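First the structure, in the form of structure tokens, and then the observations on it.
Numbering (the working numbering), first residue to last: 66 to 336.
Here's what the structure looks like:
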């Protein structure tokens, strides 16, 4: 499936030599994704990752250079790698984080719909990932995530390539993943889908951490009827999308809003 672009392709005059228009547009969006993640405090200094599949026939994806903070990343500084971890286009000043390569390459290889993958180590995301019961139906966000959420048990820092098989099996066909004792992960076909997904997961985790701050005994779970209604609405989403034909999907609206904020607060990513 071809990548769906949610922004105009950049002027070819602005592109470095040897980079296609489609790849440059993906680079610009990915750099913006890193910067909006920094604005929302979803970054972890140098240690988490957002990746995007490069449009075209080659199985290449873009990842952050290991040495730049999220608010420093630009379209041209992103590193292109193949599924074997080889850097495409020559070595730059920075390499890549190997654990990030292991996790993201596994999902890019196994899931054709995973054009964009976000993986974070936020305080609340790690907190919820360490909860024995996982993500609880405590908030509206959680209700719509839980049916599409997988879990992957912690195996230490992801440096072993054989962990990729177990990671992919635990993700299955789901859009969200809690990496136990580790953090959050969400994917999408477009930057807007991936951003909306990881934002909703992070905020659901934050709501849970806040609700459990006073203990588990008196926490109010969503009624069973509400949980069943959320399942029904998820199942009917394709029909709802058809009914909304002619209007932009919410994740595209969200991404356009994200780009406006990045352009206001952290411009300069598109170079």
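Glycine is no exception: its CB is placed at the ideal position from the N, C-alpha and C atoms. Quantities reported herein were computed from a predicted structural model and do not represent experimental measurements.
Look at the beta carbons and you see the region 258-271 touching the region 188-196: at least three pairs across the two are nearer than 8 Å.
Around the beta carbon of residue 145, 16 or more other beta carbons sit within 10 angstroms, so the residue counts as buried. Looking at the DSSP output, residue 217 bridges to 244. The beta carbons of residue 240 and residue 213 sit about 5 Å from each other, so the pair counts as a contact at 8 Å.
If you draw a straight line from the Cα of residue 316 to the Cα of residue 257, it is about 5 Å long.
If the five residues before and after residue 182 are omitted, its C-beta is found closer than 6 Å to the C-beta atoms of 116, 169, 172, 252, all from its own chain and listed in chain order.
Contact holds between the region 123-142 and the region 93-102, because three or more Cβ pairs, one in each stretch, are under 8 Å apart.
Residue 285 and residue 223 have their alpha carbons spaced roughly 35 Å apart. Rounded to the nearest whole angstrom, the C-alpha separation of residue 86 and residue 287 is 47 Å. DSSP, read as helix, strand or coil, puts residue 277 in helix. In the three-state reduction of the DSSP assignment, residue 173 falls in the helix class, which pools H, G and I.
Residue 201 and residue 227 have their C-alpha atoms roughly 30 Å apart. Only residues of its own chain outside the window of five on either side were considered, and among them 101, 104 have a CB closer than 7 Å to the CB of residue 326, listed in chain order. Taking all protein chains in view, the Cβ of residue 128 is crowded by 16 or more other Cβ atoms within 10 Å, so the residue is classified as buried. Within a 10 Å sphere around the beta-carbon of residue 108 sit 16 or more other beta-carbons, which makes this residue buried. Taken atom to atom, the span from the alpha-carbon of residue 220 to that of residue 312 is near 44 Å.
The beta-carbon separation of residue 151 and residue 112, rounded to 22 Å, does not stay under the 8 Å limit for a contact. Between residue 216 and residue 236, the C-beta spacing is not below 7 Å. Comparing alpha-carbon positions, the option among 167, 174, 298 lying closest to residue 125 turns out to be 174.
Beta-bridge partners assigned by DSSP to residue 116: 182. Sequence-distant Cβ neighbours of residue 153 in its own chain, meaning closer than 7 Å and more than five residues away, are 125, 145, 146, 147. Excluding the 5 residues flanking it on each side, residue 160 has same chain C-beta neighbours closer than 7 Å at 131, in chain order.
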